[in-house]
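To start, the structure under review is shown below, and the notes come after it.
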Amino acid sequence: MTIKDICASFDIGGKYISCTEIVSGNINCTYKVKFKRDGEDKEYVLQRINKLVFKEPDKVMDNIIRVTHHIRMNIRKEGASTKTGVLRAFYSRESDEPYFIDDCGDYWRCYRYIKNSVTYDTCDDNDIICRAGSAFGKFQNYLKDFPAKSLFITIPNFHNTIDRFKAFHEAIEKNPYKRVNKVKAEIEKLLSFEKGACLLQEYLDNGSIPYRVTHNDTKCNNVSFDRDTGEALAVLDLDTVMPGAIAHDFGDAIRFIANTVIEDDPDLDSVALDLNKYEAFAKGFITEVKDTLTDLEKETMNLGVFTMTVELAVRFLTDYILGDKYFKTKFPGHNVDRARNQIALAVDIEKKRTEMEEILKKYF
Ligand SMILES: Nc1ncnc2c1ncn2[C@@H]1O[C@H](COP(=O)(O)OP(=O)(O)O)[C@@H](O)[C@H]1O
Ligand SMILES: [Mg+2]
């Protein structure tokens, strides 16, 4: 089937004109599609959902429809634009579902393209980082009265750090590729972090902090910005919305945005938490959510930064020990480089904890 055929199955009017691939995401296959209707250009996003990552795409779409509906209602109440402020999914003409299943069994969805928007894969501009923080904070606010636990768990135990460590222990025990000896120091370091990094999940498990709707992929390129004004428009990429701790979203965003180098840079001396970027994101995010957070949630925000960094290091190293099956690797040892990078970042986060707390205090 062609992209044009797939478009035809969605309830979007007009004449198909053209299609270009958007290469910035790394999970789904994404296309920008142009239509013409009554002489006017219409743009859509067509995406093939990655079935290896999302085993039940219908549940992913169910979550997205419910969450975007809730956000839309709240944006309307504010009198702001729902056209650019939230993803809008179209339904299949045949099945009346918000997806179309092609002859290969692949799931496709179609969104309105957020007009005149741009996303940034990496970002060094603190103004933009701050706006991304506000966008993710607003996302939390729009969903604060949404029943988080009613969402489908589309990736079980995604940020369950206790479970991630359990898998790590099992991998070390099995040692199927005899690689454990090569990463003894890294294992030791991560095990020394285990207790601290599992605390956040314990708080969730024992009800000390609430489950909220979390985005779970709070990267810069999942926020769309107005091409001309630079204003943050909408939070994109809602595939992983699930119940979680708000500190997961804050922590993962900081882990990604405020690392001075990229995630797999082997030059460990250059790895550090950039406090300026940290502050820029925190300012945007915390200013939005501060009135919603419980006291313990406030205390766990920086724990979230540490936890998400350690958790990812654990996942990289587990994958290395088990033969590099999950993360795509470009060379042997790629996962070890990634794990070392995240460990170095976690060490720096520990060092800067007092400064980070001081910064947060300013915005609470
Ligand atoms: N509705 C949309 N409007 C404008 N751009 C979009 C839209 N949806 C996705 N994009 C663009 O496509 C990219 C990839 O989409 P995304 O949903 O993030 O997929 P992935 O899960 O692969 O990261 C985004 O970073 C953004 O640039
Ligand atoms: Mg994305």
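Heads up, the sequence shown is in our numbering, so the first residue is 653 and it goes up one at a time. A virtual CB, placed ideally from N, CA and C, is assigned to each residue, including glycine.
1) Considering Ala1021, what are the terminal residues of the alpha helix (DSSP H) in which it resides?
2) Determine the DSSP secondary structure at Val705, reduced to helix, strand or coil.
3) At the level of alpha carbons, what is the spacing between Glu915 and Gln994?
4) Got a sec, what are the start and stop residues for the beta strand (DSSP E) Leu925 sits in?
5) Locate the alpha helix (DSSP H) running through Arg783, then write down its first and last residues.
6) Per the contact definition of three or more C-beta pairs closer than 8 Å, is the region 704 to 719 in contact with the region 739 to 758?
7) State the beta-bridge partners of Gln853 as determined by DSSP.
8) Provide the residue span of the beta strand (DSSP E) that contains Thr672, from first to last.
9) Does at least one heavy atom of ligand 2 sit under 8 Å from the Cβ of Asp889?
10) Are Pro808 and Leu974 closer than 9 Å when you measure CB to CB?
11) How would you write the range of the beta strand (DSSP E) that Ala886 sits in, first residue to last?
12) Round the Cβ separation of Phe933 and Ile781 to the nearest angstrom and send it over; I've been treating them as touching at under 8 Å.
13) Whose C-beta lies closer than 7 Å to the C-beta of Val966 among residues of the same chain, with five residues either side of it excluded?
14) Please classify Phe752: does DSSP put it in a helix, a strand, or coil?
15) In terms of alpha-carbon separation, which member of Asp889, Lys935 and Lys1004 lies closest to Asn678?
16) Considering only residues of the region 889 to 963, which uninterrupted beta strand (DSSP E) runs meet the minimum length of 3 residues and lie entirely inside it, listed in chain order?
17) Give every residue of the same chain whose Cβ lies closer than 6 Å to the Cβ of Val962, excluding the five residues on either side of it in the sequence, and list them in chain order.
18) Per DSSP, Arg864 is paired with what?
19) Is Thr682 helix, strand or coil when you go by DSSP?
20) Would you mind stating whether Ile674 and Asp754 have Cβ atoms separated by less than 9 Å?
21) So what does DSSP say about Ser844, is it helix, strand or coil?
22) How is Asp693 classed by DSSP in three states: helix, strand or coil?
23) What number of angstroms, rounded off, separates the C-alpha of Pro918 from the C-alpha of Ala996?
24) Using beta-carbon positions only, say whether Gly956 and His900 come within less than 9 Å of one another.
25) For a test of the three-state rule: what should DSSP assign to Ala719, helix, strand or coil?
On the basis of the coordinates in this document:
1) For the chain, the structure presents residues 653 to 1016; residue 1021 sits outside this window and is missing.
2) coil
3) 7 Å
4) Premise fails: Leu925 is in no beta strand (DSSP E) and is neither H nor E.
5) Asn778 to Tyr794
6) yes
7) Paired residues: none, contrary to the question.
8) Lys667 to Ile674
9) yes
10) no
11) Ala884 to Val887
12) 5 Å
13) Arg816, Phe817, Phe820 and Leu842
14) strand
15) Asp889
16) 894 to 896
17) Phe845, Ala849 and Ala998
18) Gly896
19) strand
20) no
21) helix
22) strand
23) 10 Å
24) yes
25) Reading the sequence as shown, one finds Val at residue 719 and not Ala. Three-state DSSP puts Val719 in a helix.
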